[in-house]
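See structure below.
Numbering (my numbering), first residue to last: 13 to 674.
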């Protein structure tokens, strides 16, 4: 029995049972859900997020860079020719650092903790090189080139292909053989050209790729979406998508006919998810459709339904959208079924209503200057249970443009449940894990992948919509090494931190301002809370307090006497003061009383009217979220006694305050 530390909210209700193997009955009940309103995304003002006006490229990553439990946004700005890493603060604003990059164009951008040290490595691919970037914790990008010969990398997918526990890379090549970069540990990789792997397809044309266990045999497989310019033959090998079956030992064998997935209609992406909640993976392929005699030149994107391992194009599902570059399969309206989001010349969200019925939302409110979003990434960045979007706008891939990126808030209602998985020492991000949930709704499934579609990376957090259902009977996690863990009595409408190896019990907010400046000082002292048995800072220090003399972000992992581990919020130390909202920083807003029982009063010393108030726990769980005109007081009587953060926002300025509910 796996015991979690008592008294830590969101975790003490879980009961764990571990098994070497376990088979649960698969439920495939369809839920018929009537959609009354189209899904609505609304732009979030930069005054709230503190994001700079960026004009990025298609390639973006929206994952937790600094291991503080909050997703960060990494993009390459095409106009500035710089990499921007936007670290998320506890109030869901961002602290931005920019870095010069070595390439004008990149076609893939990924990130992962490759050696379990809680330090994320960025990976980028361009028209010639694959590079890793380290030392982000010191606000640096130390570049290492991995390839020995030129590779035009269209997409990079991550996963453990040889069962050594380390996360490897698979890179698509548009001008030759695809390549693996096998993880040797300590952020070192060995290039493997795999000439035996694909000798017949040395002409390139490899675009999107996915490393995922398609047949559920416990080993990662590879699906490659292929597109070859100026190739007019629908049956050309350079155009036909490929499925390779892995054996878990680093060997792959081409599946003849791709089990029905050998599409030849100039594909850019091939993504997998369980669209009909029957427990297996279905596939969505985006096609550009040129020279496709089946559809007489029109674009056609296809949904392939998996039946006993064989995929069949369901011609009754129409998801046409012009020149699709990105596909994201997630439950955006929280109704319990995976939707299909497509970005490209057109932007469309196909809302899954169950029983393979989809309703189209043209996202007309998200067009800027008559331009659709060309690319996007998703994350429930504010942890409120609905998946938000960061979007890139342009007419084509290569043109520099002047339309700023937009972060959109998802206003979906409906219940949800989410999981933050921490894998073992070698694969901390748990890439390759599978999560199944069971309840009166039947069954749902998610696979934790990294690097899919065309060069983007979505959040590692695992999200399920539940619709009107409020209970989940059980959760099954199949970790990347195929060990199985079952959870029961799991609460909904919150995220659960589940760790495979260590007893992680929650998050601790480090005291003081989150953004600090060295200024004229030679050093700054950072201190973790008392009453922990051990401390481990991300700079290697093992003392409760550290002296910081250089720029960077700093986090601390703390272990109590029972062996329960806690990770911390981040503190950003800069040479000079940076933008960002800090707790109790000087502002035109104040709250009183700070020791409050029922009514919290909000006072503005300027003409700014408060229109948004958010109250969160110290572990960032959102408890009160109010939008209104001229908010002057908030009823906090339903909060349990304890400490809380209060974020006040007028749309022009914002501040954070700490209160104690008595």
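Where a beta carbon is used, it is the ideal one built from N, C-alpha and C, also for glycine. Just so it is clear, the structure is predicted and the values come from calculations on it, not from any experiment.
- prompt: In terms of residues, what are the limits of the alpha helix (DSSP H) holding residue 60?
  reply: Start and end: 58-61.
message: Going by DSSP, what residue range makes up the beta strand (DSSP E) through residue 294?
response: 294-299
- request: Evaluate contact between the segment 524-544 and the segment 495-503, counting only Cβ atoms and requiring at least three cross-stretch pairs below 8 Å.
  value: Verdict: no, contact absent.
- prompt: Any heavy atom of the ligand SAH closer than 7 Å to the Cβ of residue 82?
  reply: Absent from the structure shown: the ligand SAH. Ligands present: none.
- prompt: Excluding the five sequence neighbours on either side, which residues of its own chain have a C-beta within less than 6 Å of the C-beta of residue 68, listed in chain order?
  reply: Within its own chain, the residues whose Cβ lies closer than 6 Å to the Cβ of residue 68, once the five positions on either side in sequence are excluded, are 87, 89, 404 and 417, listed in chain order.
message: Tell me the rounded alpha-carbon separation between residue 609 and residue 658.
response: 15 Å
Sequence ranges, beta strand (DSSP E) only - wholly within the segment 365-447, length at least 3: 370-373, 385-391, 400-405, 418-422 and 427-434
message: Our contact map puts residue 153 next to residue 111 with C-beta atoms below 8 Å; I'd like the distance itself, whole angstroms only.
response: Right, the Cβ-Cβ distance comes to about 4 Å (below 8 Å), so this counts as a contact.
message: Along the chain, where does the beta strand (DSSP E) containing residue 671 start, and where does it finish?
response: 666-673
- prompt: Which of the three DSSP states, helix, strand or coil, is assigned to residue 479?
  reply: strand
message: For residue 126 and residue 179, which I take to be in contact (beta-carbon distance under 8 Å), what is that distance rounded to the nearest angstrom?
response: 6 Å
message: Among the candidates 585, 421 and 194, whose CA atom is the shortest distance from the CA of residue 399?
response: 421
- prompt: Among 268, 352 and 195, which one has its Cα closest to the Cα of residue 287?
  reply: 352
field: Where the beta strand (DSSP E) through residue 12 begins and ends
entry: Only positions 13 to 674 of the chain appear in this structure, which leaves residue 12 out of reach.
query: Under a CB-based cut-off of 8 Å, is residue 247 close to chain D?
result: This model lacks chain D altogether; it includes just one protein chain.
task: Let me know if residue 508 comes out buried or exposed under the rule of 16 or more other beta-carbons within 10 Å of its beta-carbon.
output: It counts as buried.
message: From the DSSP secondary-structure annotation, give me the bridge partner or partners of residue 605.
response: Bridge partners of residue 605: none, in fact.
field: Anticipated Cβ contact below 8 Å, residue 323 with residue 273, distance rounded
entry: 5 Å
message: I need the boundaries of the beta strand (DSSP E) containing residue 624, first residue and last residue.
response: 624-629
- prompt: Does the separation of the CB atoms of residue 653 and residue 172 fall below 8 Å?
  reply: No.
- request: Mind listing, in chain order, the continuous beta strand (DSSP E) runs of no fewer than 3 residues lying wholly within the segment 457-529?
  value: 474-479, 484-490, 496-502, 507-511, 516-520 and 527-529
- request: Put residue 654 into one of helix, strand or coil per three-state DSSP.
  value: It is a strand residue.
message: Here's the rule: buried if 16 or more other CB atoms are within 10 angstroms of the residue's CB, otherwise exposed. What is residue 439?
response: buried
- request: Could you name the residues of the same chain whose beta carbon sits closer than 6 Å to that of residue 104, not counting the 5 residues immediately before and after it, in chain order?
  value: Excluding sequence neighbours, residue 104 sits near 394.
message: By DSSP's criteria, residue 112 is part of a beta bridge. Which residues make up the other side?
response: 94
field: Start-to-end residues for the beta strand (DSSP E) that takes in residue 155
entry: 154-157
message: Just verifying my parser: in three-state terms, what is the DSSP assignment at residue 341?
response: Residue 341 falls in the strand class under three-state DSSP.
field: Nearest to residue 561 (by Cα), restricted to the options 568, 534 and 544
entry: 534
- request: On a CA-only basis, which of 585, 332 and 396 is nearest residue 628? Give me that one, please.
  value: 396
message: I need the boundaries of the beta strand (DSSP E) containing residue 172, first residue and last residue.
response: Segment: none, residue 172 is in no beta strand (DSSP E) and carries neither H nor E.
message: Below 8 Å, how does it come out for the segment 483-499 and the segment 510-527: are there three or more Cβ pairs, yes or no?
response: The answer is yes - the segment 510-527 touches the segment 483-499, with three or more Cβ pairs under 8 Å.
task: Specify, as a first and last residue, the run of the beta strand (DSSP E) that residue 356 falls within.
output: 351-356
Short Cβ contact (8 Å threshold) for residue 326 with residue 368: Less than 8 Å divides the Cβ of residue 326 from the Cβ of residue 368.
message: I'd like to check one pair, residue 426 with residue 346: are the Cβ atoms closer than 8 Å?
response: yes
query: Run through DSSP, which three-state label would residue 18 get?
result: Caution is warranted here: a pLDDT of 29 is assigned to residue 18, below 50, making its placement in the model unreliable, and no coordinate value can be reported.
message: Looking at residue 344: is its Cβ nearer than 8 Å to the Cβ of residue 355?
response: no
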